[in-house]
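Everything below concerns the one structure shown next.
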Amino acid sequence: MERQTEFQVQCPFCGEHIWMEFYPEDGQQQETIVDCEVCCNPILYTVTFSSRGETRVTADRAQ
Ligand SMILES: [Zn+2]
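All residue numbers in the sequence shown are consecutive under the working numbering, ending with 114.
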């Protein structure tokens, strides 16, 4: 079974839904800051890949 690499997240600034790609090869725990393509504010993405194949993605305002 192929792992999910695309995740829909909601921008914490403007509420827009954004598709982001994350790969477990980049690490089980990932933190990355990407500017929202709609409102251009910096979003901090926290990504956790569990060993059972579950993925958690959260989006917060980067300071
Ligand atoms: Zn936004």
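Heads up, the beta-carbon is just placed ideally off N, CA and C, and yes, glycines get one too.
Please say whether I94 and C62 have beta carbons closer to each other than 8 Å?
-> Going by C-beta atoms, C62 is nearer than 8 Å to I94.
Endpoints, the beta strand (DSSP E) within which D77 is located | Neither: D77 is in no beta strand (DSSP E) and is coded neither H nor E.
CB of F58 to nearest heavy atom of ligand 1: below 7 Å?
-> no
What is the C-beta distance between H68 and Q59, in whole angstroms, given that I count them as a contact (C-beta under 8 Å)?
-> With 8 Å as the limit, H68 and Q59 qualify as a contact, their Cβ atoms being about 5 Å apart.
Please confirm whether any heavy atom of ligand 1 lies closer than 7 Å to the CB of F64.
-> yes
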